[in-house]
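Down below is the structure, laid out as structure tokens.
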Amino acid sequence: MGEYLVKRLLLAIPTVIGVVTLVFFAIHLAPGDPVALMIPPDLPAGIREEREAAIRARYGFDKPLHVQYLTYLGNIARLDLGRSLRTNARIIDELPQRFLNTLQLGILAMMVSTTLGVTLGVISAVKRGTWIDNATMFGALFGVSIPNFWFGLLLMLGVGLYWGVLPPSGFNGSILTWDGFRHAILPAVTLGTGSAAILARFARSSVLDVIVQDYVRTARAKGLAERVVVLRHVLKNALIPIITLLGLQFGAVLSGAVVTETVFAWPGVGRYLITGINGRDFPVVQGTVIFIAIGFVLINLITDLLYAYIDPRVRFR
1 MGEYLVKRLL LAIPTVIGVV TLVFFAIHLA PGDPVALMIP PDLPAGIREE REAAIRARYG
61 FDKPLHVQYL TYLGNIARLD LGRSLRTNAR IIDELPQRFL NTLQLGILAM MVSTTLGVTL
121 GVISAVKRGT WIDNATMFGA LFGVSIPNFW FGLLLMLGVG LYWGVLPPSG FNGSILTWDG
181 FRHAILPAVT LGTGSAAILA RFARSSVLDV IVQDYVRTAR AKGLAERVVV LRHVLKNALI
241 PIITLLGLQF GAVLSGAVVT ETVFAWPGVG RYLITGINGR DFPVVQGTVI FIAIGFVLIN
301 LITDLLYAYI DPRVRFR
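Read in the working numbering, the sequence shown has 6 at position 6, and its numbers run on one by one without any break.
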């Protein structure tokens with residue numbers, strides 16, 4: 001297991017470096033000048049040029065691009081993601097609390113999607129060919145097709161504003177408190193619905209593959225109750241491929257949080273990223289994307305380790 005962990009870590013390093021490189025050059029080669037946006041447009045030309053030169057020197061924008069890149073890699077190695085061009089705040093200090101907010105939302109959304117998706121997928125497989133199966137798969141198709149932002153707006157308008165059952169937006173604190181939990185329900189349901197639909201379809205397929213195996217027939221021939229057969233023999237073996245998908249879906253949930261956090265004014269990493277993009281704040285965008293990329297790599301690493309623990313054959317491939 002230790003050798004497998006080392007191998008996965010070594011594979012993760014070039015992935016992170018590749019993401020850092022891609023993000024850096026994509027942002028710096030994109031049209032637009034963030035320095036020009038930082039200077040009032042009504043300044044005289046001479047003062048404006050002096051101000052621009054000072055800002056470029058301060059942030060290192062006056063150096064060649066490859067020098068900026070190497071400097072940025074060195075800063076990342078020291079856990080220095082730079083400072084915001086707008087607020088001058090250190091990005092590494094801004095991200096942890098925002099990431100914690102996004103993580104809380106992501107965990108709650110995954111609880112919704114896993115509980116709903118796996119349960120409906122198993123029921124659909126056991127009731128294959130019935131109206132329950134058809135209705136479940138139709139609902140899953142609808143859940144996959146509906147855009148997150150549109151579904152979120154519907155929930156906000158209906159449940160939050162029209163009926164007033166739950167707060168329509170905002171968050172301040174922890175989902176472990178009643179007020180924080182109430183604020184998290186609508187965005188968590190918005191994020192979790194799409195993943196639940198995918199999990200339901202995948203769980204159904206996985207259960208159908210297992211339910212026709214000989215050991216399942218043997219368990220039924222022994223006179224075991226159908227509930228025992230499904231829970232003890234079918235679900236246990238069907239969960240192995242589902243776990244891999246759960247890791248991917250958690251990454252997808254964090255990606256979807258970019259839009260959902262903006263819709264519900266959730267103070268997370270996704271909203272911070274959108275704010276940086278709108279304000280042409282290069283360091284914020286770079287730092288946030290790299291932070292998210294490292295999170296993706298860690299999630300995939302944990303998923304691989306969990307998969308290898310459940311199915312030891314994976315370690316020797």
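We put the CB at the ideal spot given by N, CA and C, even for glycine.
Keep in mind the model is a prediction, meaning the values are calculated, not measured.
Of all the options V126, F171, I243, which has the alpha carbon lying nearest to the alpha carbon of Q97?
-> Residue numbering aside, residue 97 sits at position 97 when the sequence shown is read from its first letter. Comparing Cα-Cα distances from Q97 to each of V126, F171, I243, the minimum goes to F171.
Contact between the segment 298–308 and the segment 186–202 (3+ Cβ pairs under 8 angstroms) = No, because fewer than three Cβ pairs between the segment 298–308 and the segment 186–202 fall closer than 8 angstroms, the two stretches do not touch.
Does the pairing of the segment 52–60 with the segment 28–38 give three or more beta-carbon distances under 8 angstroms?
-> Counting Cβ pairs under 8 angstroms, three or more are found: they touch.
Three or more C-beta pairs closer than 8 angstroms, one from the segment 76–92 and one from the segment 162–176: is that the case here?
-> No: the two stretches stay apart, fewer than three of their Cβ pairs being nearer than 8 angstroms.
Do N148 and G194 come within 8 angstroms of each other at the CB atom, strictly closer than that value?
-> By 1-based counting over the sequence shown, the position of residue 194 is 194. By 1-based counting over the sequence shown, the position of residue 148 is 148. Taking 8 angstroms as the Cβ cut-off, G194 and N148 qualify as a contacting pair.
Does the beta-carbon of A184 have 16 or more other beta-carbons within 10 angstroms, so that it is buried, or is it exposed?
-> Numbered from 1 along the sequence shown, position 184 holds the residue referred to as residue 184. A residue is called buried when at least 16 other Cβ atoms come within 10 angstroms of its Cβ; A184 meets this threshold and is buried.
Length of the line joining the Cα atoms of L116 and R227 | Along the sequence shown, one-based indexing puts residue 116 at 116. Along the sequence shown, one-based indexing puts residue 227 at 227. Taking the straight line joining both Cα atoms gives about 18 angstroms.
Could you tell me the distance, in whole angstroms, from the CA atom of T136 to the CA atom of T114?
-> Counting from 1 along the sequence shown, the entry for residue 136 is found at position 136. Counting from 1 along the sequence shown, the entry for residue 114 is found at position 114. So the alpha carbons of these two residues sit roughly 15 angstroms apart.
Ignoring anything shorter than 3 residues or poking outside the segment 33–84, list the beta strand (DSSP E) runs there in chain order.
-> Whole beta strand (DSSP E) segments, 3+ residues: zero.
Candidates G106, R83, F25, T21: closest to G295 by CA position | The residue you call residue 295 lines up with position 295 of the sequence shown. If we check each option's Cα against that of G295, G106 comes out closest.
Contact between the segment 16–27 and the segment 275–295: three or more CB pairs below 8 angstroms?
-> In short, these stretches touch, since the Cβ pair count reaches three.
Alpha-carbon spacing of A140 relative to L157, whole angstroms = If you number the sequence shown from 1, residue 140 lands on position 140. If you number the sequence shown from 1, residue 157 lands on position 157. Cα atoms of A140 and L157: separation of roughly 23 angstroms, rounded to the nearest angstrom.
Going by other Cβ atoms of all chains shown within 10 Å of its Cβ, with 16 needed for buried, is E94 buried or exposed?
-> Locating residue 94 in the sequence shown gives position 94, where the first residue counts as 1. E94 should be labelled buried.
For R90: DSSP bridge partner residues = Position 90 of the sequence shown holds residue 90. Per DSSP, the beta bridge partners of R90 are R83.
Simplified DSSP assignment, three categories, for Q213 = To locate residue 213, count along the sequence shown from 1; it is residue 213. Q213 falls in the coil class under three-state DSSP.
Contained alpha helix (DSSP H) runs [length at least 4] in the segment 254–302, N- to C-terminal order | Here the runs fully enclosed are 269–278.
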